[in-house]
DNA sequence: TTGTACGCGTTATCAT
DNA sequence: ATGATAACGCGTACAA
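Pasting the structure below:
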């Protein structure tokens with residue numbers, strides 16, 4: 001075993017097996033076109049040399065290996081790993097590699113990461129995020145790479161759009177709270193400037209206005225953790241006039257923070273105030289009281305996005321559903337579908 | 001804009017700028033060796049064509065682009081995204097791309113993913129996981145690629161090892177519980193066959209034995225969620241004789257599940273039973289009562305692992321600390337450092 | 001300062 | 001069934 005050998009290549013295997021590189025390549029790609037005898041020789045050579053084919057070269061030469069890129073602001077948002085797991089499932093089935101790019105909520109970094117993603121010429125780019133700059137839009141268009149927005153529905157889709165309508169979902173959830181008999185329903189959100197949160201707010205406002213009610217929005221800064229912000233928002237809402245009898249949070253983490261705070265303050269949920277979240281994170285069903293919320297098909301979203309980039313991936317049959325739902329738990333009552 | 005152009009290459013830019021490919025290449029790699037005049041022409045050509053250099057080809061030709069691979073059982077474990085974020089920070093600074101491979105707790109899949117990672121010839125492979133098969137060990141050795149185990153300390157490290165000693169941490173935590181005056185300290189764990197959990201159990205047993213106490217271990221199956229298992233384990237422990245006055249959970253999620261269950265049962269924590277976790281997840285400081293636990297330097301671990309693979313990445317000065325700590329919160333008292 | 005020519009490791013095409 | 005040869009797009013000696 002020569003130690004400083006730069007790399008074991010197809011040539012090495014070929015020499016050892018007494019054939020040419022082309023035969024080795026065929027051994028991998030169309031084994032049935034290689035005679036059983038040489039097949040054994042090749043297998044032995046590969047094993048002895050510990051050969052692993054170079055995907056970089058393979059991809060440059062033909063488009064043999066598949067590659068997917070995921071771009072996301074952060075992995076700390078609970079739904080992001082879930083979407084990525086969906087992507088990864090499909091990628092695995094299609095033997096595709098997965099590249100991950102974080103933008104850290106920074107638009108400049110996002111431009112860089114999008115360009116980096118394009119530079120690897122993946123079979124598709126799956127975008128979890130918010131706004132996309134014009135510069136990036138141009139590059140994406142020029143690159144001719146499928147670009148899938150997998151989280152929020154886009155007003156100006158760059159490519160394919162499998163995202164959710166966060167405004168419709170928030171509107172419908174508000175309608176169900178209204179239908180359940182809550183009189184003054186507030187909406188609580190962190191001031192973060194994200195499109196999805198603005199969408200959710202919009203949906204809430206639509207529903208309230210449609211029923212002739214005055215929207216009552218509580219906002220706080222984005223310095224603290226989501227849990228802390230939730231606590232703060234609950235306190236704000238309790239101090240308002242009129243004090244809401246139900247509070248719809250723009251995210252489950254905020255709502256969970258509010259539940260913890262309610263517990264600290266000795267408030268009863270939902271008797272003193274009903275609380276409702278958005279996202280259905282794992283914690284939401286375990287917390288006491290369990291959280292009424294909007295469940296999002298995150299994994300399915302990821303799978304769907306990946307399928308759009310990898311047409312060769314085995315499709316499930318029947319095609320799997322990818323729908324959101326409203327989950328009534330202990331923290332708030334919900335009216336049935338209108 | 002020709003639409004079905006296969007790809008925009010260096011050649012296209014060169015032609016448009018009236019120079020050869022070499023000059024464009026230099027423009028990117030050593031701009032100072034290109035005259036300002038042609039520099040402008042090139043910049044214009046790049047912009048007009050929306051050219052993005054092909055990293056695949058670049059990497060095959062020279063080793064211009066950097067690439068890192070992360071292999072993990074899942075993204076659903078709360079510490080995994082944190083470690084990856086650490087990796088990603090450093091990767092960004094070094095202009096390295098990041099590949100992600102999930103093994104889904106399946107050793108066969110893990111072998112495949114490790115081989116896939118190697119096939120892209122990354123500058124390093126960062127492994128978050130447990131056991132590594134012999135076959136994989138051989139491939140890793142043959143590939144000559146830095147292989148960093150970033151989560152658990154390995155008995156038989158394959159490559160570099162920046163992991164934590166989960167047994168030492170569990171031992172010290174147990175010692176602190178003993179020092180705090182708890183009489184019967186139980187250990188609760190899911191039967192999952194992971195090395196890190198076995199390590200934690202071992203540390204607990206060491207500490208108990210050292211103080212002449214009989215270890216009292218509670219185990220449950222791995223079918224349910226962590227939260228549900230935690231609830232189950234709490235119930236088991238309460239039914240035991242003697243009933244422990246403190247329960248050390250092998251993970252924070254289990255402990256959180258126990259706290260929720262205690263709340264449902266009307267048990268007071270820590271008066272009726274003290275509860276202690278391992279991992280310091282975000283939820284642990286927010287839950288009521290807040291959870292006493294072992295805090296792990298996950299992000300720093302990721303950064304450190306990445307630095308080992310990317311020597312060119314700008315190093316922080318002074319070198320950042322990467323140490324665990326014991327966090328006393330409401331759910332259990334802790335003795336100060338022995 | 002700029003250009004020529006070859007190599008990186010694999011695959012596709014066309015022969016044999 | 002197997003081989004020879006030419007790409008794939010870029011980097012780098014070396015030459016001009």
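Residue numbers (UniProt numbering), protein chains in the order written: chain A, 1 to 338; chain B, 1 to 338. Even glycine gets a Cβ: it sits at the ideal position worked out from N, Cα and C.
Bridge partners - residue i, DSSP secondary structure assignment
{"i": "residue 124 of chain B", "result": "B:68"}
{"i": "residue 101 of chain A", "result": "A:71"}
{"i": "residue 216 of chain A", "result": "A:186"}
{"i": "residue 229 of chain A", "result": "BP columns for residue 229 of chain A are empty, so no partner."}
{"i": "residue 155 of chain B", "result": "Looking at the DSSP assignment, residue 155 of chain B forms no beta bridge with any residue, so it has no partner."}
{"i": "residue 145 of chain A", "result": "Beta-bridge pairing links residue 145 of chain A to no other residue."}
{"i": "residue 28 of chain B", "result": "DSSP lists no partner for residue 28 of chain B."}
{"i": "residue 325 of chain A", "result": "A:295"}
{"i": "residue 275 of chain A", "result": "A:247"}
{"i": "residue 96 of chain A", "result": "A:66"}
{"i": "residue 234 of chain A", "result": "According to DSSP, residue 234 of chain A bridges with nothing at all."}
{"i": "residue 164 of chain B", "result": "B:152"}
Straight-line Cα distance separating residue j from residue i
{"i": "residue 324 of chain B", "j": "residue 79 of chain B", "result": "13 angstroms"}
{"i": "residue 215 of chain A", "j": "residue 332 of chain A", "result": "19 angstroms"}
{"i": "residue 100 of chain A", "j": "residue 195 of chain A", "result": "22 angstroms"}
{"i": "residue 223 of chain A", "j": "residue 256 of chain B", "result": "25 angstroms"}
{"i": "residue 232 of chain B", "j": "residue 282 of chain A", "result": "17 angstroms"}
{"i": "residue 199 of chain A", "j": "residue 29 of chain B", "result": "44 angstroms"}
{"i": "residue 144 of chain B", "j": "residue 124 of chain B", "result": "9 angstroms"}
{"i": "residue 107 of chain B", "j": "residue 71 of chain B", "result": "12 angstroms"}
{"i": "residue 201 of chain B", "j": "residue 40 of chain A", "result": "47 angstroms"}
{"i": "residue 235 of chain A", "j": "residue 226 of chain A", "result": "14 angstroms"}
{"i": "residue 168 of chain B", "j": "residue 287 of chain B", "result": "26 angstroms"}
{"i": "residue 174 of chain B", "j": "residue 148 of chain B", "result": "29 angstroms"}
{"i": "residue 251 of chain A", "j": "residue 61 of chain B", "result": "47 angstroms"}
{"i": "residue 230 of chain A", "j": "residue 153 of chain A", "result": "26 angstroms"}
{"i": "residue 260 of chain B", "j": "residue 261 of chain A", "result": "15 angstroms"}
Nonlocal neighbours in the same chain, by C-beta distance under 7 angstroms from residue i, ignoring five residues either side
{"i": "residue 93 of chain B", "result": "313, 314"}
{"i": "residue 150 of chain B", "result": "83, 126, 127, 128, 162, 163, 301, 302, 305"}
{"i": "residue 81 of chain A", "result": "75"}
{"i": "residue 1 of chain B", "result": "In this predicted model, residue 1 of chain B has a pLDDT of only 35, less than 50, meaning its place in the structure is not dependable; the value taken from the coordinates is given anyway. None."}
{"i": "residue 90 of chain A", "result": "303, 306, 307, 310, 313"}
{"i": "residue 191 of chain A", "result": "219, 220, 221, 222"}
{"i": "residue 109 of chain B", "result": "103"}
{"i": "residue 53 of chain A", "result": "28"}
Assigned exposure category for residue i - 16 Cβ within 10 Å defines buried
{"i": "residue 156 of chain B", "result": "exposed"}
{"i": "residue 35 of chain A", "result": "exposed"}
{"i": "residue 7 of chain A", "result": "exposed"}
{"i": "residue 339 of chain B", "result": "There is no way to answer for residue 339 of chain B, as the model of chain B reaches only from 1 to 338."}
{"i": "residue 320 of chain A", "result": "exposed"}
{"i": "residue 268 of chain B", "result": "exposed"}
{"i": "residue 337 of chain A", "result": "exposed"}
{"i": "residue 32 of chain B", "result": "exposed"}
{"i": "residue 69 of chain B", "result": "buried"}
{"i": "residue 44 of chain A", "result": "exposed"}
{"i": "residue 274 of chain B", "result": "buried"}
{"i": "residue 171 of chain B", "result": "buried"}
{"i": "residue 264 of chain B", "result": "exposed"}
{"i": "residue 47 of chain B", "result": "exposed"}
{"i": "residue 37 of chain A", "result": "exposed"}
{"i": "residue 326 of chain A", "result": "buried"}
{"i": "residue 317 of chain B", "result": "exposed"}
{"i": "residue 205 of chain B", "result": "buried"}
Residues of its chain near residue i, where Cβ-Cβ distance is below 8 angstroms and the 5 sequence neighbours each way are ignored
{"i": "residue 42 of chain B", "result": "13, 17, 19, 23, 24, 27, 34"}
{"i": "residue 65 of chain B", "result": "55, 58, 59, 95, 96, 97"}
{"i": "residue 298 of chain B", "result": "79, 82, 83, 86"}
{"i": "residue 111 of chain A", "result": "133, 135, 136"}
{"i": "residue 328 of chain B", "result": "292, 334"}
{"i": "residue 146 of chain A", "result": "123, 124, 125, 159, 160, 308, 309"}
{"i": "residue 245 of chain B", "result": "182, 183, 184, 185, 273, 274"}
{"i": "residue 120 of chain B", "result": "67, 69, 99"}
Same chain only: Cβ atoms within 6 angstroms of residue i, ignoring 5 sequence neighbours per side
{"i": "residue 217 of chain B", "result": "187"}
{"i": "residue 178 of chain A", "result": "211"}
{"i": "residue 10 of chain A", "result": "21, 24"}
{"i": "residue 208 of chain B", "result": "215"}
- Message: Quick test of the definition: if touching needs 3 or more C-beta pairs under 8 angstroms, does the region 182-189 of chain B touch the region 239-256 of chain B?
- Response: yes
- Quick one: any contact between the region 101-115 of chain A and the region 133-146 of chain A, if contact means 3 or more CB pairs under 8 angstroms? yes
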